[in-house]
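> Once you've had a glance at the structure underneath, I'll fire off some questions.
In the working numbering, the protein residues as written are 272 to 683.
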């Protein structure tokens, strides 16, 4: 078996919910040993209490027994080891210090200032292990943000401007169904973490990596100068089409929707041929890219009328045969069962630690293929504190009596 790229690296995972656990999930899939630290007093990661749950009898909206595990944890907890530790207990820092000594990375997604109040920030960790990289994912960054400084994905979507890039002019803001703020920030966090690890390897000095959800998502919004477009008369919100790239957008066929991307002259000519309207290529309204943008409304209306009474399969076949980029707009359930993404393990079946795989459940894989390494999420999520003995006893050297005492005192 090929070695995984991060084999030999150890990560202390202080995260909860989605943004942090997704970052550590990727590191785990790349081969790092991820030690998930969970609060025994609260039942661990908040994701453990997200409905629905999977148990011996299948999926249910309510937990039916101790063996049931939330689908959220089934997905986000894979390839991780779980230990319990109450970070508010006076003795917790001593236990965490032992983990810091043997780790390369520590990641949290607390609100700004929490690690400082707990006394477990990078300044503290670096006195124990100068090479450790400490990464923080928060709503607004280390300096904090407005109000309480706490942020949820919908709040970040609202503040980033992304809600006003979807939908049509005059419509209410559109919340993306996918929690994009929660998912973009961990991608940047992983990039920053690995860059800092490379630097630590070269210099022996770790550092603090600070990623904000707001900054991560807003930086993507800034990839398109929407305000500049509006000054030129191009609307920011364009609904199902993009006039400045016409023909471009999503259109209904008789039995489904398709996406069409034809901004170049060659693609536009292919579209006209597929429609049986080669004459449109010489029409002054559509003969050039600028002309098509100026007359995008008429052009998109022609495309919509042509496709409306044709079966989706026929529309896609015609467009494909004429070299026009086009695809069916899929339901999520169909998309995650695409044989191509399953073969490449970009999406994988989810597995319950006791009951095995469930035919109807799929989750994210590691969507990166290596020529000489392996990346995979191939171990089920752990139970709360499942690895206390292995990590605290085997890795850090605590005796059974010491572990029992720590448990009785409420430390672990």
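Using N, Cα and C, we set each Cβ at its ideal position, and we do this for glycine too.
Among 525, 534 and 337, whose alpha-carbon lies nearest the alpha-carbon of residue 583?
525
> On a Cα-Cα basis, can you pick out the residue from 665, 625 and 667 that is closest to residue 326?
625
> Residue 384: which of 360, 368 and 410 sits nearest, CA to CA?
410
> I'd like to confirm the pairing. Which residues does DSSP put opposite residue 331 in its beta bridges?
324
> My output table needs one value for residue 522: the three-state DSSP class, helix, strand or coil.
It is a strand residue.
> State the DSSP-derived secondary structure class of residue 472, mapped to helix, strand or coil.
In the structure shown, residue 472 sits in a helix (DSSP, three-state: H, G or I).
> At the level of alpha carbons, what is the spacing between residue 555 and residue 566?
10 Å
> Tell me where the beta strand (DSSP E) around residue 373 begins and ends.
Segment: none, residue 373 is in no beta strand (DSSP E) and carries neither H nor E.
> Which first and last residues belong to the alpha helix (DSSP H) in which residue 305 is found?
Where residue 305 is concerned, there is no enclosing alpha helix (DSSP H), although the beta strand (DSSP E) it sits in stretches over 304-309.
> Can you find at least 3 beta carbon pairs, one from the stretch 414-426 and one from the stretch 495-512, that sit closer than 8 Å?
no
> When we look at the beta-carbon of residue 359 and count the other beta-carbons within 10 Å, is it buried (16 or more) or exposed?
Result: exposed.
> How many whole angstroms separate the CB atoms of residue 282 and residue 375, which I take to be in contact at a CB cut-off of 8 Å?
7 Å
> Is the stretch 605-616 close to the stretch 625-638, with three or more CB pairs under 8 Å?
yes
> What's the C-alpha gap between residue 341 and residue 289?
13 Å
> Just checking my contact of residue 481 with residue 412 at CB under 8 Å: how many whole Å lie between their CB atoms?
6 Å
> From residue 319 to residue 457, what does the alpha carbon distance come to, in whole angstroms?
20 Å
> For the stretch 341-356 against the stretch 391-409, are there 3 or more C-beta pairs whose distance is under 8 Å?
no
> Check residue 643 in the structure and name its three-state DSSP category.
Coil, per DSSP.
> Per the contact definition of three or more C-beta pairs closer than 8 Å, is the stretch 395-409 in contact with the stretch 432-448?
no
> Using the three-state DSSP reduction, which class does residue 628 fall into: helix, strand or coil?
Strand at residue 628.
> Is the beta carbon of residue 401 sitting closer than 8 Å to the one on residue 478?
The Cβ atoms of residue 401 and residue 478 do not sit closer than 8 Å to each other.
> Ignore the nearest five residues each way along the sequence and tell me which others in residue 373's own chain have a CB closer than 7 Å to its CB.
The answer, listed in chain order, is 281 and 666.
> On a CA-only basis, which of 534, 542 and 547 is nearest residue 560? Give me that one, please.
534
> My understanding is that residue 563 touches residue 552, with C-beta atoms under 8 Å, so please give their C-beta distance in whole angstroms.
That belief does not hold up - the Cβ atoms of residue 563 and residue 552 are roughly 11 Å apart, past 8 Å.
> Residue 432: which of 418, 417, 452 and 421 sits nearest, CA to CA?
The shortest Cα separation from residue 432 among 418, 417, 452 and 421 belongs to 452.
> Opposite residue 480 in the DSSP bridges: which residues?
406
> Tell me residue 620's beta-bridge partners as DSSP assigns them.
633
> In angstroms with no decimal places, state the Cα-to-Cα distance between residue 461 and residue 304.
15 Å
> Taking buried to mean at least 16 other C-beta atoms within 10 Å of its own C-beta, is residue 352 buried or exposed?
buried
> Given this structure, state the Cα-to-Cα distance separating residue 670 from residue 683, to the nearest angstrom.
Rounded to whole angstroms, the gap between the alpha carbons of residue 670 and residue 683 is 14 Å.
> For the beta strand (DSSP E) containing residue 352, name the first residue and the last one.
351-355
> Run through the DSSP bridge pairs and tell me what residue 341 is partnered with.
DSSP output for residue 341 lists 324 as bridge partner(s).
> Considering only the beta carbon of each residue, do residue 286 and residue 379 sit closer than 8 Å?
yes
> Helix, strand or coil: which one does DSSP assign to residue 412?
coil
> So, under 8 Å CB-CB, residue 293 and residue 454 are touching, yes? Tell me the CB distance rounded to an integer number of Å.
6 Å
> Work out the CA separation of residue 630 and residue 324 for me, nearest whole Å.
Cα to Cα, the separation comes out at about 14 Å.
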